[in-house]
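The opening position of the sequence shown corresponds to residue 2 in UniProt numbering, with each subsequent residue numbered one higher.
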Amino acid sequence: KKVNIAILGATGAVGQEMLKVIGERNFPFNELKLLASKKSAGEEVEFQGEKYIIEEATEDSFKDIDIVLCAAENHISEALSPAAVKAGAVVIDNSSAFRLNEDVPLIVPEVNGEDVKNHKGIIANPNCSTIIAMTALNELNKYAKINRMIVSTYQAVSGAGVNGINELNQQIEDLSKGNPVEAKTFQYQIAYNLIPQIGDFDDEGYSQEEMKMQNEGRRIFHNPDLKVNCTCVRVPVYRSHSESITIETEKEITPEKAKELLAKSEGVKLIDDLANKKYPMPLDTTDQDLIYVGRIRKDITNDNSLSLWCCGDQVRKGAATNAVQIAELLIK
Ligand code: 2RA
């Protein structure tokens with residue numbers, strides 16, 4: 002059945018990708034509304050041969066809207082999502098505003114799509130690095146419950162939106178010309194550098210981004226005891242996040258068994274052929290929706306432990322595509 006959809010935050014990197022994915026997946030819509038800040042109101046967007054005018058997002062923007070794809074920042078989602086629900090819409094929210102709210106399902110369709118039915122008006126899209134990890138680990142977790150995860154992430158600058166991408170470009174250009182480098186979006190120069198901080202630190206020295214992997218992973222896997230030790234690093238890569246993951250499981254998963262499970266995992270592409278130097282790399286996963294998984298090997302330091310490497314496009318499967326997949330579940 003065709004529905005009326007609105008994209009809230011239509012001019013940002015994720016909002017623009019949501020529109021692109023809606024087109025690519027032929028999502029069935031009657032009316033499409035593009036909502037953004039006052040300064041973007043009036044801009045024209047061409048989509049599927051039609052011209053759409055961006056409107057300023059207000060509490061009154063959601064009349065007759067069935068689904069809102071929210072790609073706005075937390076404070077905008079907190080201000081407008083309840084109004085959208087009151088107007089009768091279901092909000093699929095990519096911000097972190099409602100992700101840990103028990104009344105808000107937190108969904109990776111391949112992993113816990115059945116939780117969509119519990120929604121009370123808002124459904125949360127998990128953090129990009131969480132989506133990438135949980136999609137990769139889904140079938141392994143079903144075969145042998147994951148009790149503990151050690152994760153290091155290598156996160157693309159697109160995680161900070163258009164500003165992140167532009168800043169990397171600008172710094173590379175400035176450095177090539179011997180000009181002074183400005184760091185506005187990230188704490189420091191990101192070109193040719195690594196920054197081990199995404200978000201503020203808590204009293205234990207873990208960043209907000211790092212605790213998302215534990216807090217969201219526990220909800221998505223329905224495992225409140227899941228132990229996660231995560232280190233999140235910003236790297237000078239454009240679009241895809243990469244993750245080094247070691248899991249400790251209830252029973253042994255051999256690398257051979259893991260490869261068999263991953264080869265049939267929904268949303269996953271197994272790339273593991275060391276003899277031919279084949280493994281996932283962020284340039285290969287950009288602009289598509291599969292999570293590439295490789296470097297699968299026994300953790301030689303611990304029983305019932307396995308290490309792997311995965312990459313995924315954080316704007317697409319990490320945000321836009323995951324949200325559109327949730328919308329597809331809603332209209333099934
Ligand atoms: C980041 N995951 O990479 C966060 C938000 N997209 O910055």
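Glycine included, each C-beta is placed from N, C-alpha and C at the ideal position.
- Judged by DSSP in its simplified three-state form, glutamine 171 adopts helix.
- DSSP, read as helix, strand or coil, puts tyrosine 239 in coil.
- With a threshold of 16 other beta carbon atoms within 10 Å, glutamate 217 meets it and is buried.
- In the DSSP assignment, aspartate 94 falls within the unbroken beta strand (DSSP E) covering 91-94.
- In the structure shown, lysine 34 falls within a strand segment according to DSSP collapsed to helix, strand and coil.
- The C-alpha of leucine 169 lies about 38 Å from the C-alpha of histidine 223.
- For valine 316, there is no enclosing beta strand (DSSP E), as DSSP marks it with neither H nor E.
- Relative to the Cα of lysine 318, the nearest Cα in the group Val22, Leu9, Lys121, Asp226 belongs to Val22.
- Here DSSP, grouped into helix, strand and coil, assigns serine 97 to coil.
- In this structure, DSSP gives valine 69 an extended state, which the three-state scheme calls strand.
- The DSSP assignment places complete beta strand (DSSP E) segments of no fewer than 3 residues inside the segment 195-244 at 228-235, in order along the chain.
- Counting only runs of at least 3 residues, the segment 94-168 fully encloses the following beta strand (DSSP E) elements, listed from N- to C-terminal order: 123-125, 147-156.
- Non-local C-beta neighbours of serine 241 in its own chain, meaning closer than 7 Å and more than five positions away in sequence, comprise Ala157, Pro283, Thr286, Thr287, Cys312, Gly313, Asp314, Gln315, ordered along the chain.
- Excluding the 5 residues flanking it on each side, alanine 37 has same chain C-beta neighbours closer than 6 Å at Ala11, Thr12, Ile55, in chain order.
- The residue among Lys87, Val325, Ala320, Glu329 with its C-alpha nearest the C-alpha of serine 159 is Ala320.
- In the structure shown, the three-state DSSP call for aspartate 285 is helix.
- Not one heavy atom of the ligand 2RA is found less than 7 Å from the C-beta of cysteine 71.
- DSSP places leucine 9 in the uninterrupted beta strand (DSSP E) bounded by 4-9.
- Leucine 291 sits in coil when the DSSP states are folded into three classes, being neither helix nor strand.
- For valine 46, the enclosing beta strand (DSSP E) starts and ends at 45-48.
- Cβ neighbours of methionine 214 within its own chain (closer than 7 Å, five residues either side excluded): Ser130, Thr131, Ala134, Val152, Val229, Cys231.
- The ligand 2RA has no heavy atom closer than 7 Å to the beta-carbon of alanine 324.
- A direct Cα-Cα distance of roughly 48 Å separates glutamate 249 from aspartate 65.
- Just so you know, the alpha carbons of isoleucine 196 and valine 325 end up roughly 31 Å apart.
- Taking the Cα positions, lysine 279 is about 24 Å away from asparagine 142.
- Here the segment 94-108 makes contact with the segment 67-85; the two share three or more CB pairs at distances below 8 Å.
- Cysteine 71 has its alpha-carbon roughly 12 Å from the corresponding atom of leucine 20.
- Inclusion of valine 91 and isoleucine 68 in the CB contact set at 8 Å is warranted, their separation being smaller than that value.
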